Amino acid sequence: MAYQHFLDLSDAGANVIAAMIADAVDRKAARTGFGKGQPDSDAPLAGKVLALVFEKNSTRTRVSFDIAMRQLGGSVLILDSASSQLGRGETIADTARVLSRMVDGIMMRTDDHAKIEEMARHATVPVINGLTDRSHPCQIAADLLTVIEQGKSLPGLEVAWFGDGNNVLHSILEAAGLMKFNVRVATPTGYEPVVEFVDKARAGGATITMTQDVGEAARDADVLVTDTWISMGQEDADEKRAAMQPYQVNAALMAEAKSDAVFLHCLPAHVGEEVSDEVFEGPQSVVFDEAENRIHAQKSVLLWGFGLLS
Ligand code: CP
Ligand code: NVA
14 MAYQHFLDLS DAGANVIAAM IADAVDRKAA RTGFGKGQPD SDAPLAGKVL
64 ALVFEKNSTR TRVSFDIAMR QLGGSVLILD SASSQLGRGE TIADTARVLS
114 RMVDGIMMRT DDHAKIEEMA RHATVPVING LTDRSHPCQI AADLLTVIEQ
164 GKSLPGLEVA WFGDGNNVLH SILEAAGLMK FNVRVATPTG YEPVVEFVDK
214 ARAGGATITM TQDVGEAARD ADVLVTDTWI SMGQEDADEK RAAMQPYQVN
264 AALMAEAKSD AVFLHCLPAH VGEEVSDEVF EGPQSVVFDE AENRIHAQKS
314 VLLWGFGLLS
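Letter by letter, the sequence shown follows residues 14 to 323 of the numbering used here.
Structure representation (C-alpha cells):
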C-alpha cells in the first residue's frame, strides 16, 4: 500500500486538503450515536498501529491521535523521549528504521523541524507532524474543518492573527496559499512569522497583510485567532510579554470583526493574556469544537497517509 508523509500541509496540497475536510465532515456525521472509542463502521485501519513519539508535552495531540486510531479500527503506542532511548541519544535514523519494522505509522512531536524530516527520510512508513517549532499542520486541518462547520467557505475568507508569529501561524499561512483565503497578521516588531511562509502564501494567491494595528487586522474579519505568547521551548522573557500586551483578543477587538466572526485558539490558552475571559468563554468562541475536531481531521490525515484517501 502506498504511503505518504504529512510534514506540512503542502505535502498534501489543495485538492487533498479539500478531500480531507469533506471526508472528516462525512465520518463525523456517520458517528452519531457511537461511543467515543467505538470504531467507524468500515474500520479502515483495522490491525494498524501508530507510534506517537513525543519530545514535548501534549494533551490534545496525544489523546486525539489515540482516539482517531481507535475510531479507524487501529491502535497506538506512545514513546516519550524521557522514557525511550531517544532521550539517551539514540539517533533518529535508527529509531525510524526500528519503528518502521514494528509499527505501521509514526506521529512525531519535536522541536527542530529537521528532526521530523530526518525521521521521514529514514522511515518506510508514513510520518505525521504533530508539531515542530516550525509548523503545526494537523492543528490547521482541524481549524479548517471547524471554520467549514460554521458555514463559512475558505476562498476569500478573512482570517486575522494576533500575537506571536509562531508555528501555528506558519501553518495558517501555508493553508492560506493553498486554499485561497487571506490573513491579516498583527504581530509586534521582532515577532513576525518566518518570511518564507508569507512569500509562499502570497505566491499562492492569498492576500497577506502585515500590521501592528490590531484594529486594522480585526476590521470585518471572519475569523480571529491567537495562540500562547510563549511557545514550548521558548524563553519566558519579560520583554516579549510586554511587546505582546496590545495584541490580546478582547471584546473591543471582536466588536471590530463581522458580527458572525468566530474565535479560534489551538489551546492550551492563557486566559487574561493572549485572550480575554469574555472572548474565550463568549458565544463566538469555538475553541472546544476546534479541539474535538483534531480527532476528525486527523482521521482523514491518517487515511491519506496510509494511501486510503485521495
Ligand atoms: N493544540 C495542541 O496541539 O494541543 P496539545 O499541545 O495539548 O497537543
Ligand atoms: N505555539 C504553541 C502551540 C501549542 C499547541 C507551542 O508550540 O507551544
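We put the beta carbon where it would ideally sit given N, CA and C, even for glycine. Bear in mind that the values here come from a model prediction, so they are computed numbers and not experimental data.
According to the neighbour-count rule (16 or more other Cβ atoms, all chains shown, within 10 Å of its Cβ), is residue i buried or exposed?
i      : result
LEU65  : buried
ASP117 : buried
LYS49  : exposed
PHE319 : buried
PRO168 : exposed
SER96  : exposed
ARG209 : Checking the displayed sequence, the identity of residue 209 turns out to be Glu instead of Arg. Exposed: under 16 other Cβ atoms inside 10 Å.
ALA230 : buried
ASP36  : buried
ASN28  : exposed
Tell me which residue opens and which closes the beta strand (DSSP E) that residue i is part of.
i      : result
ASP93  : 88–93
VAL140 : 140–142
Assuming contact is defined by CB atoms lying nearer than 9 Å, are residue i and residue j in contact in what I supplied?
i      : j      : result
LEU99  : LEU90  : no
ILE153 : ILE185 : yes
LEU266 : GLY228 : yes
GLY246 : TYR204 : no
THR86  : LYS61  : Contrary to the premise, residue 86 reads as Gly rather than Thr in this sequence. Yes. Within cutoff.
VAL299 : VAL275 : yes
ASP21  : ASN195 : no
HIS18  : ALA136 : yes
Which residues share a DSSP beta bridge with residue i?
i      : result
GLY118 : LEU63
HIS283 : HIS283 pairs with nothing; no bridge assigned.
ILE129 : DSSP output for ILE129 lists no bridge partner at all.
HIS278 : THR239
ILE221 : VAL196
TRP174 : VAL198 and VAL238
PHE19  : ILE141
VAL288 : VAL262 and VAL284
Can you name the start and end residues of the alpha helix (DSSP H) that residue i belongs to?
i      : result
MET9   : Coverage of the chain is limited to positions 14 through 323, which leaves residue 9 absent and any answer about it impossible.
HIS149 : That residue, HIS149, is in no alpha helix (DSSP H); it is neither H nor E in DSSP.
ALA265 : 264–267
ASN180 : 180–192
ASN28  : 27–43
LYS271 : Run containing LYS271: none; DSSP gives neither H nor E here.
LEU315 : 300–318
Any beta-carbon of chain B closer than 9 Å to the one on residue i?
i     : result
MET82 : As a matter of chain content, chain B is missing from the structure shown, which is built from one protein chain.
Inset, instruction - Please confirm if the segment 160–174 is in contact with the segment 229–245, defined as three or more CB-CB distances below 8 Å between the two stretches. - result: yes
Inset, instruction - Inspect the CB distances between the segment 281–294 and the segment 262–270 and report whether three or more fall short of 8 Å. - result: yes
Legend entry - Segment contact, 8 Å Cβ cut-off, at least three pairs: the segment 50–60 with the segment 103–116: no
Inset, instruction - Decide if the segment 186–205 is in contact with the segment 215–226; the criterion is three or more beta carbon pairs, one per stretch, under 8 Å apart. - result: yes
Inset, instruction - Would you be able to state if there are at least three C-beta pairs under 8 Å between the segment 305–313 and the segment 62–81? - result: yes
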